[in-house]
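Beneath this line is the structure, given in structure tokens, with notes to follow.
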Amino acid sequence: MSKRRFDAVTIFPDYFAPLELSLIGKAKKAGLIDVGIKDLRGYVSDNHKTVDDTPYGGGAGMVMLPEPWGLAIDESAHQSDADIHDLIVLTPAGQRFTQGLAEKFLESEHIIFANGRYEGIDIRVTDFYRTQPNFRVHEVSIGDYVLGGGEVATLVIMEAIIRLIPGVIGNPDSLTEESHSLKNEDGSLVEYPNYTKPPVWRGLEVPEVLMSGNHRLINEWRHSQAVKRTEDLRRLTGE
Ligand code: 6GU
61 MSKRRFDAVT IFPDYFAPLE LSLIGKAKKA GLIDVGIKDL RGYVSDNHKT
111 VDDTPYGGGA GMVMLPEPWG LAIDESAHQS DADIHDLIVL TPAGQRFTQG
161 LAEKFLESEH IIFANGRYEG IDIRVTDFYR TQPNFRVHEV SIGDYVLGGG
211 EVATLVIMEA IIRLIPGVIG NPDSLTEESH SLKNEDGSLV EYPNYTKPPV
261 WRGLEVPEVL MSGNHRLINE WRHSQAVKRT EDLRRLTGE
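Per the working numbering, residue 61 is the first one in the sequence shown, and the count goes up by one each step.
In structure tokens form, the structure reads like this:
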């Protein structure tokens, strides 16, 4: 696969300043990924830079106009050499983002994140790109709560995908040992608890088995802890 590209269309480009930091910043600087942030207002011709209007049929809030989105998404597609573009529309009404979806999006050469604000984007934008053979359209949410816009969700999804790209994380073993990638018969397990120095901290001791040097016992202990944590979590969330 050629170099992956991530574009985000937004009316708040400054929200994406954290992309310069840490893992994603390093991946950009190392040339492992390309990232483009597009200001939606750059695709508006009227002097007031209007990006929204009242909803047909009435109701509260404003709806984002389709035309600036169409222009920005078309330009993103033209600037990439991918044959297929994954358009991710961020919305609380979307499919819940999971580790499984991160692994699926890892296979994409070009993702365009459409970050709506207000009451969302005129639905004809998603309807139109669903009819385009070179687009796959996904409506995605990061959880059952409402954010002011998609930008924070885009950062979450980008980070979950980009850290899976080979070469982005120094020690790839940490990808197979972490929460949600540890598999059991009925789905994913959360990670076992970790300890480091000192051996006693505020009266709390590191479990003796971890100091034993017996890797069979250590693996068994870690697995049972992961199962217990997962069960506790499921009980708490009722899932
Ligand atoms: Cl993707 N967008 C918004 N506005 N709110 C959300 C969300 C997305 N995911 C959860 N809440």
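Here a beta-carbon is modelled for each residue, glycine too, at the ideal position from N, C-alpha and C.
- Per the DSSP secondary-structure output, N175 pairs in a beta bridge with L150.
- Relative to the ligand 6GU, the beta carbon of L215 is positioned no closer than 6 Å to any heavy atom.
- Of the candidates P78, L207 and H170, L207 places its Cα closest to the Cα of E179.
- Annotation for D67: the continuous beta strand (DSSP E) segment containing it runs R64 to T70.
- Counting along the chain, the unbroken beta strand (DSSP E) around H198 starts and ends at F195 to S201.
- The alpha carbon of R64 has as its nearest neighbour, out of K88, F72, Y75 and I93, the alpha carbon of I93.
- The alpha-carbon separation between L249 and L147 amounts to approximately 30 Å.
- If you look at G96, you'll find it in the beta strand (DSSP E) that goes I93 to D99.
- Judged by the Cβ position, V206 qualifies as a neighbour of the ligand 6GU at the 6 Å threshold, a heavy atom of the ligand being closer than this.
- By the Cβ rule, the region 162–173 does not count as touching the region 114–125, because fewer than three pairs are nearer than 8 Å.
- Annotation note: the region 113–164 contains the following uninterrupted beta strand (DSSP E) runs of length 3 or greater, listed N- to C-terminal: 145–156.
- Three or more Cβ pairs closer than 8 Å define a contact, and the region 68–79 falls short of that threshold against the region 114–123.
- Distance from the CA atom of N107 to the CA atom of R101, rounded to whole angstroms, is 10 Å.
- Less than 7 Å separates the beta-carbon of I172 from that of H145.
- The C-alpha of R156 is placed about 31 Å away from the C-alpha of V104.
- Judged by the Cβ position, L100 fails to qualify as a neighbour of the ligand 6GU at the 6 Å threshold, every heavy atom of the ligand being at least this far.
- Distances taken from the Cβ of S82 to the heavy atoms of the ligand 6GU include none shorter than 6 Å.
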